[in-house]
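To convert, count from 1 in the sequence shown and add 1; that's the numbering used here. Just so it is clear, CB atoms sit at the ideal spot from N, CA and C, and this is done for glycine as well. These numbers were taken from a predicted model, which means no experiment stands behind them. The block underneath contains the structure these notes are about, expressed in structure tokens.
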Amino acid sequence: MPEETKRRLAVAGKIEAEVNRYYARVAKRYTAAGVVCMALFLVTICAIFVFGSDYITTENLSYLARDFGTAADEGGRDFGKIVYNGSSSTRFSWFRGGVAVTGSDFYRYFDKNGLSVISESQSYADPVLAPSDRYMLVYDLGGTGWSVYNQLARIVSRETDEPIIAGDIASDGSLVLVTRSRDTRFVVELYNAAFNRTMLSYKDGYVLSAAISEKGDQFLVASAVPSSTDFDCEIEICRRGEETPLAKDMLSHQMPLLSAAANGGFVVLCDSAVCYYDAYGIRQKTVSLTGMTLKYADIRGGSAALVGQVNALGSEYRALVLDAAGEVLCDSVLRERIVGVRMGRNTNDALAYLRTADSVVRILPGGGTETYRPENGEILDLVPLNAGALLCQKTSASQIFDD
2 MPEETKRRLA
12 VAGKIEAEVN
22 RYYARVAKRY
32 TAAGVVCMAL
42 FLVTICAIFV
52 FGSDYITTEN
62 LSYLARDFGT
72 AADEGGRDFG
82 KIVYNGSSST
92 RFSWFRGGVA
102 VTGSDFYRYF
112 DKNGLSVISE
122 SQSYADPVLA
132 PSDRYMLVYD
142 LGGTGWSVYN
152 QLARIVSRET
162 DEPIIAGDIA
172 SDGSLVLVTR
182 SRDTRFVVEL
192 YNAAFNRTML
202 SYKDGYVLSA
212 AISEKGDQFL
222 VASAVPSSTD
232 FDCEIEICRR
242 GEETPLAKDM
252 LSHQMPLLSA
262 AANGGFVVLC
272 DSAVCYYDAY
282 GIRQKTVSLT
292 GMTLKYADIR
302 GGSAALVGQV
312 NALGSEYRAL
322 VLDAAGEVLC
332 DSVLRERIVG
342 VRMGRNTNDA
352 LAYLRTADSV
362 VRILPGGGTE
372 TYRPENGEIL
382 DLVPLNAGAL
392 LCQKTSASQI
402 FDD
């Protein structure tokens with residue numbers, strides 16, 4: 002190596018790189034902050050596994066993996082046609098931007114484009130769909146089987162010891178089931194978000210309906226209690242983990258039919274009245290159904306659509322629509338025989354949908370009506386959408402009133 006090159010290398014080796022002391026200090030602080038954050042993250046993970054081990058199951062972890070990053074698209078107006086093999090006993094329900102369809106031997110879920118996302122076999126003689134914002138509870142009315150789904154897969158499938166009478170599920174996955182016990186009493190079973198049974202409550206009355214709040218911290222039980230000459234309706238609002246009910250209410254000469262969570266409280270439909278309760282179990286309002294023989298009802302989000310027969314001939318039917326506070330949105334009499342009702346999802350689009358033997362009547366926000374008659378096929382049910390509704394027939398369902 003030439004001497005000149007050696008001298009240059011020797012000089013270059015003595016040159017020290019310039020260092021900005023300010024940026025060096027910042028880099029050290031960011032490095033320290035990163036180490037602290039990683040340590041806190043590891044401590045948090047360890048604390049979750051130590052103190053929350055009861056809620057960490059393989060089923061929940063698999064659900065997290067399946068549902069991570071997904072979201073329901075409920076903003077679209079158009080809904081694709083769905084095709085299935087159904088029968089007159091097929092059940093339908095809106096769920097997370099799509100439609101759930103179930104029969105005695107299957108459960109299917111379709112997204113808003115009409116594509117089949119879930120197709121599961123089951124063996125439920127009389128399946129009932131009970132949706133929440135995040136979960137769908139399917140149980141066999143009079144049987145012992147129940148399952149929980151999200152919009153991608155089945156989360157859990159189990160059996161109860163005795164026949165199921167009623168059920169409801171909260172947004173966090175907590176659920177309540179009412180079963181008939183061997184000693185002629187009814188049992189209210191409460192499950193946590195990990196689907197573990199955490200509470201049993203024995204009832205001597207005839208429990209006909211139950212509902213759980215959106216957060217899963219409260220639940221309502223509606224029972225028919227024999228009185229001297231008739232039945233009274235007993236309403237109990239309970240808090241998770243407490244044996245004594247938070248509140249009790251007795252409705253004389255009433256028979257409970259449906260119940261649901263609404264506005265932080267509950268709404269209960271009886272055969273001749275609708276009662277609204279706050280979160281403390283105090284009855285806020287009672288809407289009388291005097292003058293009509295209740296035939297069909299649907300409750301969604303606390304709002305209720307009710308249809309009752311007005312005269313003995315059955316030629317006139319009263320349609321009554323109430324909001325979540327019990328205020329009347331529509332009260333009209335139709336000279337048509339109504340065979341079903343569904344509460345509208347978007348009250349700016351439709352208050353309710355009435356089903357006749359061969360047509361669908363949409364009740365508009367202003368109180369007017371529109372009628373749709375399919376060219377052929379039996380009308381099994383309706384699923385209200387944000388715009389229009391799905392007309393459900395034996396083998397397929399398609400959108401109507403989508404203007």
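Own chain residues within Cβ distance below 6 Å of residue i, not counting five before or after
{"i": "Cys276", "result": "Val269, Arg284 and Thr287"}
{"i": "Asp332", "result": "Leu321"}
{"i": "Gly115", "result": "Gly81, Lys82 and Ile83"}
{"i": "Arg301", "result": "Met344"}
{"i": "Pro132", "result": "Ser94 and Phe96"}
{"i": "Tyr278", "result": "Gly266, Phe267 and Arg284"}
DSSP-derived helix/strand/coil call for residue i
{"i": "Lys29", "result": "helix"}
{"i": "Gly292", "result": "coil"}
{"i": "Ile156", "result": "strand"}
{"i": "Val384", "result": "strand"}
{"i": "Ala34", "result": "helix"}
{"i": "Met256", "result": "coil"}
{"i": "Leu41", "result": "helix"}
{"i": "Arg183", "result": "coil"}
{"i": "Ile339", "result": "coil"}
{"i": "Arg22", "result": "helix"}
{"i": "Gly70", "result": "Caution is warranted here: a pLDDT of 44 is assigned to Gly70, below 50, making its placement in the model unreliable, and no coordinate value can be reported."}
{"i": "Ala320", "result": "strand"}
{"i": "Ala48", "result": "helix"}
{"i": "Pro246", "result": "coil"}
{"i": "Ala280", "result": "coil"}
{"i": "Phe402", "result": "coil"}
{"i": "Thr199", "result": "strand"}
{"i": "Phe80", "result": "coil"}
{"i": "Ser128", "result": "Note that residue 128 is Pro in the sequence shown here, rather than Ser. Correct three-state label for Pro128: strand."}
{"i": "Val311", "result": "coil"}
{"i": "Pro164", "result": "coil"}
{"i": "Gln123", "result": "coil"}
{"i": "Ala390", "result": "strand"}
{"i": "Ala1", "result": "Outside the displayed span of the chain (2 to 404) sits residue 1, for which this structure offers no information."}
{"i": "Lys204", "result": "strand"}
{"i": "Arg241", "result": "coil"}
Option in the options with minimal Cα separation from residue i
{"i": "Glu244", "options": "Thr199, Ser253 and Cys234", "result": "Thr199"}
{"i": "Pro257", "options": "Ala223, Phe267, Asp250 and Ala280", "result": "Ala223"}
{"i": "Gly99", "options": "Phe107, Ser117, Asn86 and Asp106", "result": "Ser117"}
{"i": "Val139", "options": "Arg181, Glu163, Asp112 and Phe93", "result": "Phe93"}
{"i": "Gln219", "options": "Ser120, Asn86, Tyr203 and Pro246", "result": "Pro246"}
{"i": "Tyr203", "options": "Phe402, Ala388, Arg186 and Glu328", "result": "Arg186"}
{"i": "Asp1", "options": "Ser133, Asp112, Phe107 and Thr372", "result": "Since the first residue shown for the chain is 2 and the last is 404, residue 1 is missing from the structure and cannot be characterised."}
{"i": "Glu215", "options": "Ala194, Asp231 and Gly368", "result": "Ala194"}
{"i": "Gln123", "options": "Thr180, Arg336, Gly303 and Ser148", "result": "Ser148"}
{"i": "Leu252", "options": "Leu221, Ser399, Ala274 and Leu41", "result": "Ala274"}
{"i": "Asp382", "options": "Thr348, Ile401 and Ala388", "result": "Ile401"}
{"i": "Phe232", "options": "Gln255, Val334 and Gly367", "result": "Gln255"}
{"i": "Phe111", "options": "Gly389, Ser182 and Tyr150", "result": "Tyr150"}
{"i": "Val157", "options": "Glu163, Ile165, Ala167 and Gly146", "result": "Gly146"}
{"i": "Gly341", "options": "Ala225, Ile380 and Leu191", "result": "Ile380"}
{"i": "Ala167", "options": "Ser182, Leu142 and Asp173", "result": "Leu142"}
{"i": "Pro366", "options": "Leu41, Ser229, Asp403 and Asn349", "result": "Asn349"}
{"i": "Gly87", "options": "Glu121, Cys393 and Asp79", "result": "Cys393"}
{"i": "Gly242", "options": "Leu209, Tyr31, Gly217 and Leu386", "result": "Gly217"}
{"i": "Ser172", "options": "Asn197, Gly144, Asp162 and Arg135", "result": "Arg135"}
Residue i burial status per 10 Å Cβ neighbour count (16 or more: buried)
{"i": "Glu237", "result": "buried"}
{"i": "Tyr281", "result": "exposed"}
{"i": "Leu43", "result": "exposed"}
{"i": "Ala33", "result": "exposed"}
{"i": "Gly315", "result": "exposed"}
{"i": "Arg346", "result": "buried"}
{"i": "Leu201", "result": "exposed"}
{"i": "Lys249", "result": "exposed"}
{"i": "Phe50", "result": "exposed"}
{"i": "Tyr23", "result": "exposed"}
{"i": "Cys271", "result": "buried"}
{"i": "Arg109", "result": "buried"}
{"i": "Gly389", "result": "buried"}
{"i": "Thr372", "result": "exposed"}
is_contact[residue i, chain C] using C-beta, thresh 9 Å
{"i": "Ala126", "result": "Of the protein chains in this structure there is only one, and it is not chain C."}
Residues near residue i by beta carbon distance below 7 Å, same chain, minus five either side
{"i": "Gln310", "result": "Met293, Thr294, Lys296 and Tyr318"}
{"i": "Ala325", "result": "Ala263, Asn264, Gly302, Gly303 and Ser304"}
{"i": "Leu130", "result": "Arg92, Ser94, Ala101, Thr103, Met137 and Val139"}
Sequence-distant residues of its chain with Cβ nearer than 8 Å to residue i (five each side left out)
{"i": "Ala66", "result": "Low confidence applies here, because Ala66 scores a pLDDT of 49, under 50, leaving its location unreliable and the question unanswered by this model."}
{"i": "Ser397", "result": "Lys82, Ile83, Val84 and Tyr85"}
{"i": "Ala298", "result": "Leu258, Leu259, Leu270, Ala305, Ala306, Leu307, Val308 and Val342"}
Rounded Cβ spacing between residue i and residue j (contact assumed at less than 8 Å)
{"i": "Leu330", "j": "Leu355", "result": "Not quite, the Cβ-Cβ distance comes to about 14 Å (not below 8 Å), so this is no contact."}
{"i": "Arg338", "j": "Asp359", "result": "Not confirmed; about 10 Å, so no contact."}
{"i": "Arg213", "j": "Val188", "result": "It is Ile, not Arg, that sits at residue 213 in the sequence shown. Going by Cβ atoms, the distance from Ile213 to Val188 rounds to 15 Å, so no, they are not a contact pair."}
{"i": "Leu307", "j": "Leu290", "result": "7 Å"}
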